[in-house]
Ligand code: ADE
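Numbering (UniProt numbering), first residue to last: 1 to 234.
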């Protein structure tokens with residue numbers, strides 16, 4: 001059974017984007033994942049096919065209409081579709097590797113890409129949309145965020161990553177940032193590969209990597225160490 005993503009967007013041309021290439025591209029070709037982009041405007045009515053309107057209460061920007069979006073959602077995800085419905089939004093819960101794994105374990109996702117100032121709150125509630133953010137910065141629309149989420153999900157689907165072990169030592173999988181990597185040549189612009197890595201002592205290599213992971217995490221992401229402590233305390 002393959003992972004099936006349906007994206008609701010005003011810019012379907014933005015898909016599959018980079019996901020048509022490389023690792024994800026091969027997964028799509030094999031049918032391990034499927035991506036379908038649907039234009040929200042196809043579900044607008046009236047002479048002008050308007051999808052947005054001015055915000056109630058006044059203010060800048062435009063708001064995506066609930067009736068149009070609800071029709072689009074119902075058309076691609078009829079009753080009985082068990083896929084989670086996500087709304088890409090800077091106001092959402094931050095995406096984590098754990099949520100990425102959960103999504104990859106499931107049947108797929110319906111992903112709504114917001115534009116304008118936002119989406120009418122009533123359709124978020126009425127269609128049970130889970131708001132997801134990819135970070136504390138604001139994009140001009142949810143499309144790049146959806147591409148990033150799908151990139152993260154597709155690479156952890158069964159059979160997609162060449163070397164099965166190559167996911168589990170990574171940043172956020174271990175709770176720490178990953179250690180630095182080196183390859184040939186032995187000397188690059190007067191910089192040598194740390195001697196321990198070419199010593200042949202696998203225990204010493206593991207210990208060095210663990211220490212480097214800890215050092216980098218302490219320096220760059222002390223919040224991850226706090227999260228870890230909380231988990232160990234539980
Ligand atoms: N849309 C605009 N900004 C976003 C963000 N940071 N994450 C997800 N969707 C967004």
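All C-beta atoms in this analysis are idealised placements derived from N, C-alpha and C, irrespective of residue type, glycine included. Just so it is clear, the structure is predicted and the values come from calculations on it, not from any experiment.
- Mind checking residue 20: buried by the 16 CB within 10 Å criterion, or exposed? exposed
- Expressed to the nearest angstrom, what Euclidean distance is found between the alpha-carbon atoms of residue 177 and residue 213? 6 Å
- Ignore the nearest five residues each way along the sequence and tell me which others in residue 192's own chain have a CB closer than 8 Å to its CB. 186
- Can residue 145 be considered in contact with the ligand ADE, in the sense that its beta carbon sits closer than 7 Å to one or more heavy atoms? yes
- Query: Buried or exposed: which applies to residue 60, given that a residue is buried once 16 or more other Cβ atoms fall within 10 Å of its Cβ?
  - Reply: exposed
- Task: Just mark residue 86 as buried or exposed, buried being the case when its beta carbon has 16 or more other beta carbons within 10 Å.
- Result: buried
- Message: Taking the beta carbon of residue 188 as the centre, do at least 16 other beta carbons fall within 10 Å, making it buried, or is it exposed?
- Response: exposed
- Message: From the DSSP secondary-structure annotation, give me the bridge partner or partners of residue 116.
- Response: None, per the DSSP bridge assignment.
- Message: Considering only the alpha carbon of each residue, which of 62, 51, 181 lies closest to residue 118?
- Response: 62
- Task: Select from 216, 107, 122, 179 the residue whose C-alpha is nearest the C-alpha of residue 80.
- Result: 107
- Message: What would DSSP say about residue 143, mapped onto helix, strand or coil?
- Response: helix
- Cross-strand partners of residue 39 (DSSP beta bridge): 9
- Query: Among the residues of its own chain, which have a CB less than 6 Å from the CB of residue 172, if the five just before and after it don't count?
  - Reply: 97
- Message: Which same chain residues end up closer than 8 Å to residue 100 when comparing Cβ atoms and leaving out the 5 residues on each side of it in sequence?
- Response: 149, 152, 153, 156
- Message: Which of the three DSSP states is assigned to residue 60 in this structure?
- Response: coil
- Message: Quick check: is any heavy atom of the ligand ADE less than 7 Å from the C-beta of residue 137?
- Response: yes
- Message: Suppose the cutoff is 7 Å on Cβ atoms and the five residues either side in sequence are ignored; what does the same chain contact list for residue 159 look like?
- Response: 32
- Query: Is it the case that the CB of residue 90 approaches a heavy atom of the ligand ADE more closely than 7 Å?
  - Reply: yes
- Item | In chain order, each alpha helix (DSSP H) run of at least 4 residues that lies wholly inside the region 73 to 136 | 97 to 105, 121 to 126
- Message: Contact between the region 47 to 58 and the region 22 to 32 is defined here as three or more beta-carbon pairs at a separation below 8 Å; is this criterion met?
- Response: no
- So what does residue 188 bridge to, in DSSP terms? 191
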